[in-house]
Amino acid sequence: VCLCSGNRRGLFEPHVPGIEWGVGAMGNAVWKGVRLKDVLATVGIKADALEVVFDGADHPVIDRTPDFVKSLPLEIALDKNTLIAFEMNGRPLPHMNGFPARLVVPGWTGTYWIKALVGIKVVSKPESNFWMSTAYRLPRGKFRTPSFASQVGQANEPITTMVVNSLITSLSSGQKIRRGKAIVVKGLAWDGGSGIAKVEVSIDGGATWQEAALGKELGR
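First residue of the sequence shown? That's -16 in the numbering used here, and the numbers climb one at a time after it.
In C-alpha coordinates, the structure reads:
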(Lines of atoms letter the chains of each structure in order from A and count residues from 1; the text may use other names and numbers.)
(Lines give C-alpha, C1' and ligand atoms only; values in the text may rest on other atoms or scores of the structure.)
Protein backbone atom coordinates (compact mmCIF):
# COMPACT_ATOMS: atom_id res chain seq x y z
CA VAL A 1 0.00 0.00 0.00
CA CYS A 2 1.40 3.36 -1.08
CA LEU A 3 -0.51 6.03 0.85
CA CYS A 4 0.10 9.77 0.61
CA SER A 5 0.98 11.41 3.92
CA GLY A 6 -1.70 13.98 3.07
CA ASN A 7 -4.54 11.51 2.55
CA ARG A 8 -7.80 13.14 3.78
CA ARG A 9 -6.07 16.55 4.01
CA GLY A 10 -9.05 18.15 2.28
CA LEU A 11 -11.27 17.07 5.18
CA PHE A 12 -9.22 18.79 7.88
CA GLU A 13 -10.79 21.44 10.10
CA PRO A 14 -9.27 23.98 10.33
CA HIS A 15 -8.13 24.00 6.70
CA VAL A 16 -4.46 23.26 5.98
CA PRO A 17 -2.55 24.09 2.77
CA GLY A 18 -1.59 21.45 0.21
CA ILE A 19 -3.32 19.22 -2.32
CA GLU A 20 -6.89 18.85 -1.03
CA TRP A 21 -7.00 15.05 -1.02
CA GLY A 22 -10.16 13.20 -0.07
CA VAL A 23 -9.94 9.53 0.92
CA GLY A 24 -8.30 8.22 -2.26
CA ALA A 25 -4.66 9.36 -2.15
CA MET A 26 -3.42 5.80 -2.17
CA GLY A 27 -2.85 2.72 -4.29
CA ASN A 28 -2.00 -0.95 -3.89
CA ALA A 29 0.34 -3.01 -6.04
CA VAL A 30 2.71 -5.97 -6.06
CA TRP A 31 6.31 -4.73 -6.13
CA LYS A 32 9.45 -6.59 -7.20
CA GLY A 33 13.08 -5.53 -6.93
CA VAL A 34 16.13 -5.90 -4.72
CA ARG A 35 16.45 -5.42 -0.98
CA LEU A 36 18.03 -2.07 -0.16
CA LYS A 37 19.92 -3.77 2.68
CA ASP A 38 21.68 -6.05 0.17
CA VAL A 39 22.78 -3.08 -1.94
CA LEU A 40 24.08 -1.26 1.15
CA ALA A 41 25.88 -4.40 2.34
CA THR A 42 27.63 -4.66 -1.02
CA VAL A 43 29.07 -1.15 -0.83
CA GLY A 44 29.64 -1.25 2.95
CA ILE A 45 28.31 0.93 5.78
CA LYS A 46 30.53 2.75 8.28
CA ALA A 47 29.97 2.43 12.02
CA ASP A 48 28.78 6.05 12.41
CA ALA A 49 25.95 5.70 9.85
CA LEU A 50 22.71 7.35 11.03
CA GLU A 51 20.40 7.90 8.06
CA VAL A 52 20.18 6.94 4.39
CA VAL A 53 19.33 9.80 2.01
CA PHE A 54 17.53 9.34 -1.33
CA ASP A 55 17.22 11.57 -4.39
CA GLY A 56 15.20 11.11 -7.57
CA ALA A 57 15.60 12.32 -11.15
CA ASP A 58 12.61 14.64 -10.85
CA HIS A 59 13.02 18.38 -10.35
CA PRO A 60 10.70 21.18 -9.17
CA VAL A 61 8.52 23.10 -11.62
CA ILE A 62 9.41 26.37 -9.85
CA ASP A 63 13.10 27.12 -9.32
CA ARG A 64 12.65 28.29 -5.73
CA THR A 65 11.07 24.97 -4.70
CA PRO A 66 13.71 22.78 -2.99
CA ASP A 67 14.73 19.52 -4.63
CA PHE A 68 12.70 16.64 -3.20
CA VAL A 69 15.16 14.64 -1.11
CA LYS A 70 14.16 12.32 1.75
CA SER A 71 15.96 10.18 4.30
CA LEU A 72 15.21 7.05 6.31
CA PRO A 73 16.55 5.89 9.65
CA LEU A 74 19.27 3.29 9.11
CA GLU A 75 17.19 0.55 10.74
CA ILE A 76 14.32 1.11 8.27
CA ALA A 77 16.71 1.20 5.33
CA LEU A 78 18.06 -2.16 6.50
CA ASP A 79 14.62 -3.71 7.00
CA LYS A 80 14.19 -6.80 4.82
CA ASN A 81 10.97 -5.37 3.33
CA THR A 82 12.48 -2.10 2.07
CA LEU A 83 13.07 -2.45 -1.66
CA ILE A 84 14.53 -0.78 -4.68
CA ALA A 85 11.71 -1.83 -7.00
CA PHE A 86 11.97 -2.28 -10.77
CA GLU A 87 8.59 -3.91 -11.40
CA MET A 88 4.98 -3.13 -10.51
CA ASN A 89 2.31 -5.81 -10.91
CA GLY A 90 4.66 -7.99 -12.93
CA ARG A 91 5.71 -5.35 -15.46
CA PRO A 92 8.47 -2.71 -15.60
CA LEU A 93 7.63 0.38 -13.54
CA PRO A 94 5.51 2.83 -15.55
CA HIS A 95 6.99 6.30 -15.98
CA MET A 96 4.47 7.93 -13.62
CA ASN A 97 5.16 5.30 -10.96
CA GLY A 98 8.90 5.87 -10.87
CA PHE A 99 10.64 4.23 -13.87
CA PRO A 100 13.24 2.80 -13.93
CA ALA A 101 13.54 2.21 -10.15
CA ARG A 102 11.88 3.51 -7.03
CA LEU A 103 12.06 3.07 -3.30
CA VAL A 104 9.33 0.95 -1.65
CA VAL A 105 9.05 1.35 2.13
CA PRO A 106 6.21 -0.90 3.34
CA GLY A 107 4.23 0.60 6.22
CA TRP A 108 5.76 4.09 5.85
CA THR A 109 3.81 6.84 4.08
CA GLY A 110 4.39 7.59 0.42
CA THR A 111 6.54 10.68 0.97
CA TYR A 112 9.50 8.31 1.50
CA TRP A 113 8.86 6.24 -1.64
CA ILE A 114 11.27 8.18 -3.88
CA LYS A 115 10.57 7.73 -7.59
CA ALA A 116 13.11 7.59 -10.45
CA LEU A 117 15.84 6.87 -7.92
CA VAL A 118 19.25 8.23 -8.93
CA GLY A 119 21.10 8.76 -5.64
CA ILE A 120 21.57 6.92 -2.35
CA LYS A 121 23.81 8.38 0.32
CA VAL A 122 24.56 7.09 3.84
CA VAL A 123 25.16 9.96 6.28
CA SER A 124 26.28 10.32 9.89
CA LYS A 125 24.20 13.46 10.61
CA PRO A 126 20.45 14.11 10.31
CA GLU A 127 19.37 15.23 6.85
CA SER A 128 18.26 18.87 7.21
CA ASN A 129 16.70 19.84 3.87
CA PHE A 130 13.23 21.44 3.66
CA TRP A 131 11.40 18.16 3.00
CA MET A 132 12.81 16.62 6.18
CA SER A 133 13.10 19.52 8.63
CA THR A 134 9.99 21.55 7.71
CA ALA A 135 7.52 19.63 5.54
CA TYR A 136 5.63 16.43 6.37
CA ARG A 137 5.80 16.88 10.14
CA LEU A 138 3.28 16.38 12.97
CA PRO A 139 2.93 17.72 16.51
CA ARG A 140 5.26 15.70 18.68
CA GLY A 141 3.76 12.77 20.60
CA LYS A 142 0.22 13.10 19.20
CA PHE A 143 0.23 9.85 17.22
CA ARG A 144 1.14 6.32 18.27
CA THR A 145 3.60 5.82 15.47
CA PRO A 146 7.33 5.06 15.63
CA SER A 147 9.48 8.16 16.06
CA PHE A 148 12.21 9.05 13.59
CA ALA A 149 14.59 9.67 16.50
CA SER A 150 17.29 11.65 14.70
CA GLN A 151 14.66 13.98 13.17
CA VAL A 152 12.58 14.74 16.29
CA GLY A 153 12.44 18.45 17.16
CA GLN A 154 11.20 20.28 20.22
CA ALA A 155 7.71 20.83 18.83
CA ASN A 156 7.25 18.29 16.05
CA GLU A 157 8.50 15.15 14.36
CA PRO A 158 8.25 13.59 10.89
CA ILE A 159 5.29 11.59 9.70
CA THR A 160 6.47 7.97 9.64
CA THR A 161 4.13 4.98 9.43
CA MET A 162 0.53 4.75 8.33
CA VAL A 163 -2.01 4.73 11.15
CA VAL A 164 -4.99 2.35 11.20
CA ASN A 165 -7.33 3.20 8.32
CA SER A 166 -10.49 1.78 6.84
CA LEU A 167 -12.79 2.50 3.92
CA ILE A 168 -16.26 1.30 2.97
CA THR A 169 -15.99 0.47 -0.74
CA SER A 170 -19.32 -1.16 -1.60
CA LEU A 171 -21.47 1.93 -0.94
CA SER A 172 -21.08 5.56 -1.98
CA SER A 173 -21.85 8.64 0.07
CA GLY A 174 -25.50 9.64 -0.33
CA GLN A 175 -26.50 6.38 -2.02
CA LYS A 176 -30.18 5.51 -1.52
CA ILE A 177 -31.12 1.97 -0.41
CA ARG A 178 -34.64 0.54 -0.64
CA ARG A 179 -36.14 0.16 2.84
CA GLY A 180 -36.11 -3.42 4.09
CA LYS A 181 -33.61 -4.60 1.48
CA ALA A 182 -30.58 -6.44 2.86
CA ILE A 183 -27.21 -5.09 1.72
CA VAL A 184 -23.66 -6.34 2.07
CA VAL A 185 -21.14 -3.82 3.38
CA LYS A 186 -17.60 -4.41 2.14
CA GLY A 187 -14.40 -2.46 2.60
CA LEU A 188 -10.69 -2.38 3.29
CA ALA A 189 -8.63 -1.90 6.43
CA TRP A 190 -4.87 -1.36 6.69
CA ASP A 191 -2.14 0.00 8.93
CA GLY A 192 1.62 0.42 9.10
CA GLY A 193 2.35 -3.29 9.33
CA SER A 194 1.24 -4.40 12.80
CA GLY A 195 -1.90 -6.05 11.40
CA ILE A 196 -5.64 -5.46 11.76
CA ALA A 197 -7.13 -7.30 14.75
CA LYS A 198 -10.78 -6.57 13.96
CA VAL A 199 -13.13 -4.24 12.12
CA GLU A 200 -16.47 -3.11 13.51
CA VAL A 201 -19.32 -1.56 11.50
CA SER A 202 -22.15 0.68 12.70
CA ILE A 203 -25.36 1.26 10.75
CA ASP A 204 -26.93 3.62 13.32
CA GLY A 205 -24.40 6.42 13.63
CA GLY A 206 -22.26 4.68 16.21
CA ALA A 207 -24.99 3.73 18.71
CA THR A 208 -24.28 0.03 18.21
CA TRP A 209 -21.52 -1.91 16.46
CA GLN A 210 -21.15 -5.34 14.92
CA GLU A 211 -17.93 -7.13 14.04
CA ALA A 212 -17.06 -7.64 10.39
CA ALA A 213 -15.66 -10.81 8.86
CA LEU A 214 -12.06 -10.30 7.80
CA GLY A 215 -10.61 -11.54 4.54
CA LYS A 216 -7.09 -12.76 3.85
CA GLU A 217 -4.26 -10.99 5.66
CA LEU A 218 -1.94 -9.72 2.92
CA GLY A 219 0.92 -8.70 5.21
CA ARG A 220 3.05 -5.58 4.94
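Cβ atoms here follow ideal geometry from the backbone N, Cα and C, with glycine treated the same way.
All figures in this text were calculated on a predicted structure; none of them were measured in a lab.
In this structure, residue 67 sits near residue 84, with a CB-CB distance shorter than 7 angstroms. DSSP places residue 68 inside the beta strand (DSSP E), whose first and last residues are 66 to 71. Within the stretch 77 to 151, the complete alpha helix (DSSP H) segments of 4 residues or longer fall at 113 to 116, listed in chain order. Secondary structure of residue 20 (DSSP, three-state): helix. Note on geometry: alpha-carbon atoms of residue 121 and residue 140 lie some 6 angstroms from one another. The residues 70, in chain order, have a CB closer than 6 angstroms to that of residue 15 in the same chain once the five nearest residues on each side in sequence are set aside. Contact between residue 59 and residue 96 is ruled out by a C-beta separation of about 12 angstroms, above the 8 angstroms threshold.
The Cβ atoms of residue 112 and residue 35 lie no closer than 7 angstroms to each other. With fewer than 16 neighbouring CB atoms inside 10 Å of its own CB, residue 150 falls in the exposed class.
The three-state secondary structure of residue 172, taken from DSSP, is strand.
A residue is called buried when at least 16 other Cβ atoms come within 10 angstroms of its Cβ; residue 75 does not meet this threshold and is exposed.
The stretch -1 to 7 makes no contact with the stretch 101 to 117: fewer than 3 CB pairs, one atom from each, lie closer than 8 angstroms. Judged by pairs of C-beta atoms under 8 angstroms, the stretch 126 to 139 does not touch the stretch 158 to 166, as fewer than three such pairs exist.
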